[in-house]
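I have placed the structure first, in the form of structure tokens, so that the comments after it can refer back to it.
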Amino acid sequence: MKYLLVLFIGFVFFSCHYTVKEKPRVFVFTDININSGDPDDRQSLVHLFWYANEFKIEGIVPDRWNAKGYEACELAVDAYRKDYLAYNFKTKHYPDPEDLKRRIAKNEQQAIDLFLKSASKTKEPLYVLVWGNMQLFGKALLKQPSLAKNIRLITIGTGLMLEEHIQFMPSDWKRSKPCEQLNWNGFGRNEIYNDSQFNDMWWLEINWSYAGMFPGDEPKEMFEKLSVYGNLGKHLKELVESQPWAQYFRVGDTPSVLYLLDPNHDLNYPQTSSWAGRFVRPFPTERPNYYTDDCGNIEWDYKDPCNTWHNHSFVNEYAQSTLIEKREEMYTALLERLEGLYQQRK
Numbered sequence: 548m549k550y551l552l553v554l555f556i557g558f559v560f561f562s563c564h565y566t567v568k569e570k571p572r573v574f575v576f577t578d579i580n581i582n583s584g585d586p587d588d589r590q591s592l593v594h595l596f597w598y599a600n601e602f603k604i605e606g607i608v609p610d611r612w613n614a615k616g617y618e619a620c621e622l623a624v625d626a627y628r629k630d631y632l633a634y635n636f637k638t639k640h641y642p643d644p645e646d647l648k649r650r651i652a653k654n655e656q657q658a659i660d661l662f663l664k665s666a667s668k669t670k671e672p673l674y675v676l677v678w679g680n681m682q683l684f685g686k687a688l689l690k691q692p693s694l695a696k697n698i699r700l701i702t703i704g705t706g707l708m709l710e711e712h713i714q715f716m717p718s719d720w721k722r723s724k725p726c727e728q729l730n731w732n733g734f735g736r737n738e739i740y741n742d743s744q745f746n747d748m749w750w751l752e753i754n755w756s757y758a759g760m761f762p763g764d765e766p767k768e769m770f771e772k773l774s775v776y777g778n779l780g781k782h783l784k785e786l787v788e789s790q791p792w793a794q795y796f797r798v799g800d801t802p803s804v805l806y807l808l809d810p811n812h813d814l815n816y817p818q819t820s821s822w823a824g825r826f827v828r829p830f831p832t833e834r835p836n837y838y839t840d841d842c843g844n845i846e847w848d849y850k851d852p853c854n855t856w857h858n859h860s861f862v863n864e865y866a867q868s869t870l871i872e873k874r875e876e877m878y879t880a881l882l883e884r885l886e887g888l889y890q891q892r893k
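Numbering-wise, the numbering used here puts 662 at position 115 of the sequence shown, and it's gapless, one number per residue.
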């Protein structure tokens, strides 16, 4: 009897203290397009949909509506819908495809309204993933700056550009000296960064390490392996048919998702290694919640990079290595997931 009482008390204690882990709430701003720029956003959207049961996807903003951004999202949802029906995704707790489609903004005003509604919820942080420039995100946030406390921002390629890439910039982009030239997605970045009311905002700026997704033969091999998994795999391959240079698992924006997915990573600590790489908090007093690429033991002045710009290529190489060292683990996890997901038709 005493033994049963102990078991009962233990059960009650465990039940009272056990909490089911909440799925991260996710809101994506993307410069996805059809044949009008880098197709990596389209690949990243496929990857996001393959993991859609791990998140609460609250909004997708294809802010290049004039470059068929919305249509690109529709094509991905259509592929997702076919797989959802054919492989019984519903039993695996994937979101209904019609619900996903309703969360894709059709214009700027709808995007802003959708963002403000999601960011106003306070129970769990809203992870805002920026897969392009920050202009529309900034415009939306500035309408209600107080919402910054409710979000965790993850941006890709918004800081400084590698000097070797400046020669490839479009001719109408504003030029700065190399150590001040904003990266490919830098438009709108400084308006937020230099606004003191956002100094405390949680912000992970993945500026160079994301490119660890690109090098080597493995991304090409992975691309072929993934293409056989359902309609999403087929779509992954078809979307780059007209862009032979991009026919590999490019997914340059996916590290923003990988940060949330790594099962061995605590989301509160970007400084610890994860599938997205490893990051540092360079300004713990002025910006206590700002994180960016880890420079390792390389001399690097985060406050004024011009002072150490001669080391920038080494910092870039090191930052990428922090992702590359985890890439095989992430690839294996994805393939295992897809093997289970596409094991049999409905």
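Virtual Cβ for every residue (Gly too), placed ideally from N, Cα, C.
Going by other Cβ atoms of all chains shown within 10 Å of its Cβ, with 16 needed for buried, is residue i buried or exposed?
i    : result
D840 : buried
N836 : buried
W720 : exposed
F646 : Reading off the sequence, residue 646 comes out as Asp, not Phe. D646 is exposed by the Cβ-count criterion.
F558 : Residue confidence for F558 is low, a pLDDT of 37 falling below 50, so the modelled location carries little weight; the figure read from the coordinates is stated next. Per the 10 Å Cβ criterion, exposed.
W750 : buried
Q590 : buried
K873 : buried
S860 : exposed
How many angstroms separate the CA atom of residue i from the CA atom of residue j?
i    : j    : result
A658 : D848 : 37 Å
H564 : S667 : Residue placement at H564 cannot be trusted, given a pLDDT of 33 that sits under 50; what the coordinates show is reported in the next sentence. In a straight line, the C-alpha of H564 is about 28 Å away from that of S667.
A619 : S756 : 26 Å
D578 : N858 : 31 Å
P810 : S718 : 43 Å
F715 : D625 : 34 Å
E605 : R572 : 7 Å
V593 : E711 : 30 Å
G704 : K686 : 19 Å
E876 : T832 : 34 Å
N863 : T638 : 43 Å
Q890 : G763 : 29 Å
P743 : I701 : Note on identity: in this sequence residue 743 is Ser, with Pro being the wrong assignment. In a straight line, the C-alpha of S743 is about 18 Å away from that of I701.
Spatial neighbours of residue i within its chain, please: CB distance less than 6 Å, with the 5 preceding and 5 following residues excluded, ordered by chain position.
i    : result
L885 : Y776
A652 : V608, A658 and L661
G780 : L773 and S774
G733 : T705
In chain order, what residues of the same chain have a beta carbon less than 8 Å from the beta carbon of residue i, not counting five sequence neighbours either side?
i    : result
C853 : K724, C726 and E727
D747 : A695, K696, R834, P835 and N836
A633 : G777, N778, R892 and K893
For chain D, is any of its Cβ atoms less than 8 Å away from the one on residue i?
i    : result
V862 : Included in the structure is just one protein chain, with no chain D present.
Rounded to whole angstroms, how far is the Cβ of residue i from the Cβ of residue j, which I believe are closer than 8 Å?
i    : j    : result
R628 : P644 : 4 Å
Can you find the residues in the same chain that come closer than 7 Å, C-beta to C-beta, to residue i, ignoring five residues on each side of it along the sequence?
i    : result
K570 : E601, F602 and K603
Can you check the stretch 791-846 for any beta strand (DSSP E) of at least 3 residues that lies completely inside it and give the ranges in chain order? Fully enclosed beta strand (DSSP E) runs of no fewer than 3 residues occupy 837-840 of the stretch 791-846, in order along the chain.
If you scan the stretch 706-785 from start to end, which runs of the beta strand (DSSP E) of 3 or more residues do you find wholly inside it? Fully enclosed beta strand (DSSP E) runs of 3 or longer: 749-753.
Go through the stretch 582-646 residue by residue and report every complete run of the beta strand (DSSP E) that reaches 3 residues or more, in order. Complete beta strand (DSSP E) runs here, min 3: 603-609.
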